[in-house]
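Notes to accompany the following structure.
Protein chains in written order, with the numbering used here: chain A, 384 to 637; chain B, 36 to 770.
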């Protein structure tokens with residue numbers, strides 16, 4: 384169970400980060416992490432998870448040197464703005480229906496440009512969202528079916544050393560992804576990541592984790608930070624220069 | 036002159052003639068045997084012989100040949116050694132002067148011969164005229180073998196004799212050539228080869244005779260320089276002779292690469308000096324031998340070697356102050372290029388970040404700033420500093436070394452962001468001096484107003500931006516602010532500029548290229564080039580404009596010929612004191628002024644300036660030649676500015692002796708052996724006038740062939756004689 388102290392600390396840290404005079408306001412923001420939420424078939428991200436993207440940015444700002452947009456925008460799959468940035472988040476809890484031709488074309492263009500898409504199933508127990516997105520992705524990228532990411536994938540070590548994906552739900556111990564070339568471009572999560580990040584206006588977490596607990600929440604946040612770092616640095620932590628250090632760290636952790 | 040002779044009818048071959056001779060002799064023998072055994076009368080014998088001869092005449096049909104012609108003077112080819120080596124002394128004169136003097140003697144002596152004078156050096160021999168004697172385009176080699184091969188393969192009249200005028204230090208055949216090989220040289224033409232020795236006595240000389248390397252020069256990899264040092268002419272080389280190997284750099288004293296010494300035994304020493312050239316491209320290396328006192332050929336105590344250093348892969352160091360989409364885009368582009376070996380360090384947390392985790396739970400490693408910028412810096416071909424604060428991340432103390440690295444030939448790209456340029460504490464540092472723009476030390480470090488960078492005239496001419504412009508036209512994505520950059524440094528050019536902000540009297544550069552010493556640097560005062568891929572405009576070029584921009588920038592930084600504004604070369608090897616010209620080739624375009632500046636390499640900045648040159652190239656002109664005049668010994672860099680395009684550069688060496696002077700010893704023995712093997716004679720230069728001309732050549736101008744009798748008369752006579760012989764034999768009772 385999370386303590387009031389930890390909640391307060393997180394909130395204060397976030398507010399402090401907002402108040403802190405950072406060097407880049409305007410200039411320097413154009414390349415900031417921006418978890419844009421995809422709107423497809425008119426389905427929008429609903430409260431309480433609608434605060435998840437900005438909370439994600441907040442955590443990234445607080446914990447890392449990466450800049451992030453605190454007020455992420457929505458973006459439609461059929462709009463040219465989708466290809467204005469290399470990252471988008473597609474979250475939901477119900478079947479997305481059939482994408483229009485324009486939406487499919489927009490999504491294909493985004494992926495082919497090298498964009499990264501995180502698909503977050505907010506109700507993985509039902510799984511209708513995840514299944515429907517996979518179905519639509521297969522129509523868009525028939526040549527690239529999802530594959531299971533190995534436990535050694537860079538997403539587990541881009542900032543924190545994490546053992547497995549965690550969201551509001553513990554979920555499956557691995558994630559599937561659409562890998563094109565050497566890059567995992569579509570991460571398919573069945574852990575309700577936004578549910579773990581979403582906060583109320585008061586600053587407390589909106590949804591309880593399952594199983595509940597501070598550590599679980601922290602692991603979910605760390606995994607979210609890692610995904611953001613993966614978007615910003617791609618496979619930087621796979622560089623040879625990091626290998627001996629990370630091997631030592633993992634050995635110590637065991 | 037008229038000559039008369041007899042022959043046989045056309046079409047009668049030697050085989051038929053011999054057959055008839057055999058038949059005739061057999062017939063005569065039969066007659067003789069017959070006459071002895073039966074005591075036949077002499078009429079039978081005579082008529083038998085006559086009939087046999089007339090039958091033979093009827094078959095051969097004898098002709099009378101009348102030819103008219105003249106006795107011509109024989110053709111004699113003089114092969115004059117044109118190697119630069121003949122500039123060496125032979126007594127009071129040079130070998131060249133002795134050779135010309137010998138040629139004059141030959142011309143005076145061989146008036147009864149048709150003399151063709153050819154110069155040989157590299158490849159086929161070419162016609163020689165006295166006016167060429169002082170031209171700078173002299174070959175290094177003395178390749179007699181190739182000259183003789185070309186001569187034997189040439190159509191036309193073959194010479195009756197060859198005269199080789201040389202000091203004998205031939206590249207081919209070498210002194211190790213066997214007598215068989217020398218004989219084979221003469222056998223091709225089937226004429227004697229006479230030789231005239233112009234080498235004189237061997238001079239007291241210690242020299243670098245041969246320089247070779249094992250394998251090609253690759254940046255960052257050790258290369259072994261193998262030197263052969265020779266001592267000749269009675270020069271005492273008892274002590275070890277020191278040798279140094281230095282790299283000639285731009286605007287700086289020569290940098291020592293290796294040193295050693297040569298212990299000469301029996302006039303020869305071999306030394307191996309390993310060294311590493313860190314920078315790719317054309318590098319000049321000076322090898323110096325400290326010769327003992329008494330050395331009379333100082334020109335060959337030093338060699339200036341040009342190494343075209345290649346890279347296995349371009350080794351880049353990418354350091355970013357924080358991860359952003361701009362960092363991501365650059366990293367992904369760099370990683371996608373197989374020819375780039377990328378070492379990256381990104382600052383992922385700051386001292387104020389609250390990670391909420393133990394250190395052991397973080398995948399972060401300390402930024403090895405000291406190790407990177409001291410120990411490993413020379414191993415990189417270029418360094419990209421992207422939005423990193425030099426003060427906060429302790430880069431500040433390494434900036435002098437980084438500036439030296441650039442001047443020594445390294446590449447530098449500073450990519451914009453709040454912590455780049457002024458914002459990163461670079462203003463007023465040594466690194467700022469190697470950037471293409473100045474950095475103001477006061478004022479706002481950056482501006483947050485959105486703008487679309489404007490391509491300058493130089494940017495439109497620059498091959499580095501050609502593909503971006505092909506993809507996007509004259510438009511660029513709107514940037515969210517810009518770093519504050521000062522005016523361009525002398526020689527630097529701006530490819531993009533700010534439409535509103537000013538730097539001094541000109542528009543503020545946004546993307547600028549510059550050279551500093553041997554290195555190149557790029558200042559990019561924005562943090563949004565990823566918008567060339569990730570924007571509506573970028574999408575127009577299918578996202579390829581981003582890769583095109585960075586390919587052009589990194590290519591220019593690494594001196595990839597595709598991104599140079601011109602291709603430069605010398606028209607011929609540069610020799611100290613001899614005129615040399617620069618060949619300039621560019622893409623056809625508008626008429627432009629071409630400015631060429633020359634600087635000496637291996638000297639600290641501020642040396643005596645060399646005069647600049649200028650020419651105009653019209654729109655349809657692709658190439659031009661610009662005389663550089665006669666240069667003194669040393670390394671040079673020619674910087675060529677074609678209109679407003681970024682300058683192109685050629686580093687080259689001018690040697691006093693070069694490889695041609697490497698072995699100053701004349702080789703009279705080789706010339707003597709050559710003459711002996713081919714049936715010629717070998718003479719000293721002073722005796723050239725005593726050479727005998729070969730016999731004259733008779734050349735027919737008219738030839739008339741007329742039959743002695745008509746064929747039917749021969750046939751009638753043969754038939755009559757056979758009939759008479761038959762009658763005589765019958766009367767004698769032999770039938």
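Backbone N, C-alpha and C define an ideal beta-carbon position, used for all residues, glycine too. Fair warning: this is a prediction, and the values are worked out from it, not measured in the lab.
- By the 16-neighbour rule on beta-carbons within 10 angstroms, residue 530(A) is exposed.
- Per DSSP, residue 370(B) is one residue of the alpha helix (DSSP H) stretching across 360-371.
- DSSP places residue 374(B) outside both helix and strand once states are collapsed to three, so it counts as coil.
- For residue 607(B), the CB contacts under 6 Å within the same chain, skipping 5 residues up- and downstream, are 172 in chain order.
- Residues of chain A whose Cβ lies closer than 7 Å to the Cβ of residue 515(B) are, in chain order, 409, 410, 412 and 413.
- One thing to note: residue 590(A) has its Cβ no nearer than 7 Å to the Cβ of residue 547(A).
- For residue 257(B), there is no enclosing alpha helix (DSSP H); the residue is found in the beta strand (DSSP E) stretching over 257-267.
- Put simply, the backbone Cα of residue 142(B) is about 9 Å away from that of residue 149(B).
- In terms of CA proximity to residue 369(B), 583(B) leads the group 662(B), 762(B), 583(B) and 731(B).
- Per DSSP, the beta-bridge partners of residue 686(B) are 672(B).
- Neighbours of residue 383(B) in chain A, taken as residues at a C-beta separation under 8 Å, are given in chain order as 447, 448, 449, 542, 612 and 616.
- When Cβ pairs closer than 8 Å are counted between the two stretches, the region 486-506 of chain B is seen to touch the region 523-539 of chain B, the count reaching three or more.
- Residue contact with chain A for residue 400(B): present (Cβ-Cβ distance below 7 Å to some residue of chain A).
- 7 Å or more divides the Cβ of residue 674(B) from the Cβ of residue 221(B).
- Taking 7 Å as the CB threshold, residue 602(B) stays off the interface with chain A.
- In this structure, the beta-carbon distance from residue 350(B) to residue 416(B) falls below 7 Å.
- Under the DSSP assignment, residue 713(B) falls in the alpha helix (DSSP H) whose first and last residues are 703-713.
- Cβ contact annotation for residue 412(B) (same chain, cutoff 6 Å, sequence separation greater than five): 440, in chain order.
- With 16 or more other Cβ atoms from the protein chains shown falling within 10 Å of its own Cβ, residue 586(B) counts as buried.
- In this structure, residue 577(A) lies away from residue 409(A), with their beta-carbon atoms at least 7 Å apart.
- Boundaries of the alpha helix (DSSP H) harbouring residue 140(B): 130-144, taken from the DSSP string.
- Within chain A, no C-beta atom comes less than 7 Å from the C-beta of residue 372(B); the nearest is roughly 13 Å away.
- Close partners of residue 467(A) in chain B (Cβ separation under 9 Å): 566, 569, 570, 571, 573 and 574.
- Contact check for residue 469(A) against residue 581(A) fails: the beta carbons are separated by 7 Å or more.
- Looking only at 77(B), 207(B), 37(B) and 525(B), the smallest Cα-Cα distance to residue 181(B) is reached by 207(B).
- Annotation: residue 431(B) is outside any alpha helix (DSSP H) and is labelled neither H nor E by DSSP.
- With contacts defined by Cβ atoms closer than 7 Å, residue 652(B) and residue 617(A) do not form a contacting pair.
- Looking at the DSSP output, residue 279(B) sits in a beta bridge with 294(B) and 323(B).
- At a beta-carbon threshold of 7 Å, the residues of chain B lying near residue 628(A) are 400, ordered along the chain.
- A distance below 7 Å separates the beta carbons of residue 263(B) and residue 245(B).
- Here residue 755(B) carries a helix assignment [DSSP, helix/strand/coil].
- Cβ neighbours of residue 477(A) within its own chain (closer than 7 Å, five residues either side excluded): 511 and 512.
- From the listed residues 608(A), 481(A) and 439(A), the smallest Cα separation to residue 514(A) is found for 481(A).
- By the Cβ rule, the region 44-54 of chain B does not count as touching the region 558-576 of chain A, because fewer than three pairs are nearer than 8 Å.
- A buried status is given to residue 332(B), since no fewer than 16 other beta-carbon atoms sit within 10 Å of its beta-carbon.
- The C-beta of residue 396(B) comes closer than 7 Å to at least one C-beta of chain A.
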